[in-house]
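Residue numbers (UniProt numbering): 1 to 427.
Even glycine gets a Cβ: it sits at the ideal position worked out from N, Cα and C.
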């Protein structure tokens, strides 16, 4: 018995060490081909995010820890948060500390930012990255063209050595905000030497940062579609095809259990939004109504069905060989594909034909061009339930001609995966 008691801690230590070695080495940066994010070793990083806009202001440190740990447990790795919370940027946190002395960004309140320090460090311990909004259009009375650069420089300098940060700005998608965005970006680069990448998510929707795509400081594009589920595919496709190539993030859609959209945002709609984003070539961020509004039920919302199912999605994608070489390709469908409206059937493939993924947003009958799995003469097909990740074999077929499929009877939506049974080696 003594040996068992002695060895168990060693086992846990080794297990924890092995887990840590598998985690990304932050900060993230853009891949060489501009399509996705990588860590400092060049390993691809899958952005599955969630919104916790108020975590720096409306949560105690213990509550922030609970929230961050839930993000990790759900399989997510990015949190979008507003540094000063929702509003004009001058409200105090739960300890009564305001961000700035006399509401002046050039006189930061050390007590407020010590709490921010702690929250970011907790996230770093959990290998979670914060995408931090340092400027929102509602902050514009405090953050102006004259002080934006100095404010951003101070902020980036303070956090230059914390690796788990992406910087974000959230004004309206209007020309009038471009000068202040440029000043903020310049200040960030001066403060941390460019060690953290920068994006811009317009608010309100439905807009993308790509209206200033050519700005060199803009490392990747972010968009907001709000209730416009039908906008996800065309907006992502537009940004995906822009030059120079930059990663695309569908950063904010309809929130789970939100009441303001004119339809019930069920887990099915949460899944649809996410699969539309990824199969169109973007990354995705989830959100829950009770979290961003900090309702009394916010703790229950941390493990809402939609949140848990985003972790299922991430596992499905990351289980594909070289998932980062995903190429959207609607010609995979010989029939039954659909890119218009709110209920879509979308597909994508590995760039070298090692696999195909087809998402069916509802019960569907369709046909696939089997030659799209070009890396082998034989194709293994299987269904995956997006709710659970459970898989069901669908048969083996030659990689030629057209094959008809119908989604499993009891499923709300479905994912069909076709994989090369044995990679051709040039024979």
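I think residue 224 touches residue 247, with their Cβ atoms under 8 Å apart; what is that distance to the nearest whole Å?
That belief does not hold up - the Cβ atoms of residue 224 and residue 247 are roughly 16 Å apart, past 8 Å.
With distances taken from CA atoms, which of 181, 151, 416 is nearest residue 191?
151
What do you get for residue 306, buried or exposed, if any count of 16 or more other CB atoms within 10 angstroms of its CB means buried?
buried
Assuming residue 421 and residue 391 are in contact, meaning their beta carbons sit under 8 Å apart, how far apart are those beta carbons, in whole angstroms?
Not a contact, Cβ separation roughly 16 Å.
3 or more residues per run - each beta strand (DSSP E) lying fully within the segment 75–129:
78–82
Start-to-end residues for the alpha helix (DSSP H) that takes in residue 412
Careful: residue 412 lies outside any alpha helix (DSSP H) and carries neither H nor E.
Segments of 4+ residues assigned as alpha helix (DSSP H) that fall wholly inside the segment 187–253:
232–240
Report the three-state DSSP secondary structure of residue 2 (helix, strand or coil).
For residue 2, the predicted structure reports a pLDDT of 38, less than 50, and the residue's modelled location is therefore unreliable. A value from the coordinates is still provided. It is helical.
If you follow the alpha helix (DSSP H) that residue 286 is part of, which residue opens it and which one closes it?
Per DSSP, residue 286 belongs to no alpha helix (DSSP H); it is in the beta strand (DSSP E), 283–286.
Taking the CB atoms as reference points, tell me whether residue 188 and residue 132 lie closer together than 8 Å.
no
Spatial neighbours of residue 432 within its chain, please: CB distance less than 7 Å, with the 5 preceding and 5 following residues excluded, ordered by chain position.
In this structure the chain extends from 1 to 427, so residue 432 is not present and cannot be described.
Taking the C-alpha atoms as reference points, what is the distance between residue 406 and residue 359?
12 Å
Same chain, Cβ closer than 8 Å to residue 333, neighbours up to 5 away in sequence not counted:
345, 347, 358, 366, 367, 368, 369
To the nearest angstrom, how far is the alpha carbon of residue 35 from that of residue 331?
21 Å
Cut-off 6 Å between Cβ atoms - residues of its own chain near residue 409, not counting five sequence neighbours on either side
none
For residue 353, which of 404, 362, 373, 335 has the nearest alpha-carbon?
373
Are there three or more Cβ pairs, one per stretch, closer than 8 Å when the segment 92–100 is compared with the segment 314–327?
no
Could you check where the alpha helix (DSSP H) with residue 317 kicks off and where it finishes?
305–318
In this structure, how does DSSP classify residue 55 when only helix, strand and coil are distinguished?
coil
Give the straight-line distance between the Cα atoms of residue 102 and residue 23, rounded to the nearest whole angstrom.
41 Å
If contacts are defined as beta-carbon pairs under 8 Å, then residue 33 and residue 245 qualify, I think. What distance do you get, rounded to the angstrom?
7 Å
Where the alpha helix (DSSP H) containing residue 167 begins and where it ends:
Premise fails: residue 167 lies in the beta strand (DSSP E), 165–170, not in any alpha helix (DSSP H).
Roughly how many angstroms lie between the CA atoms of residue 118 and residue 61, to the nearest whole one?
8 Å
Pick helix, strand or coil for residue 321, following the three-state DSSP scheme.
coil
Tell me, which residues are paired with residue 365 by DSSP?
406
Where does residue 274 fall in DSSP's three states?
helix
Which residue's Cα is closest to the Cα of residue 472: 141, 65, 216, 122?
Since the displayed the chain opens at 1 and closes at 427, residue 472 lies outside it and no answer follows.
Residue 155 - containing beta strand (DSSP E), residue span
No beta strand (DSSP E) contains residue 155, which is instead part of the alpha helix (DSSP H) from 148–158.
Thinking just about the alpha-carbon of each residue, which of 255, 401, 389 is nearest to the one in residue 416?
389
Excluding sequence positions up to five away, which residues of its chain have a Cβ less than 6 Å from the Cβ of residue 394?
381, 382, 383
Would you decide whether residue 303 is buried or exposed? Buried here means 16 or more other CB atoms lie within 10 Å of its CB.
exposed
Exposure label - residue 210; buried when at least 16 CB within 10 Å
buried
Distance check for residue 28 and residue 412, CA to CA, integer angstroms please.
35 Å
Own chain residues within Cβ distance below 7 Å of residue 178, not counting five before or after
212
Report, in whole angstroms, the separation of the C-beta atoms of residue 282 and residue 201, which I expect to be a contact under 8 Å.
Contact doesn't hold; Cβ gap of about 13 Å is too wide.
Residue burial classification, residue 494 (beta-carbon count within 10 angstroms, cutoff 16):
No answer is possible for residue 494: the residues shown for the chain start at 1 and end at 427.
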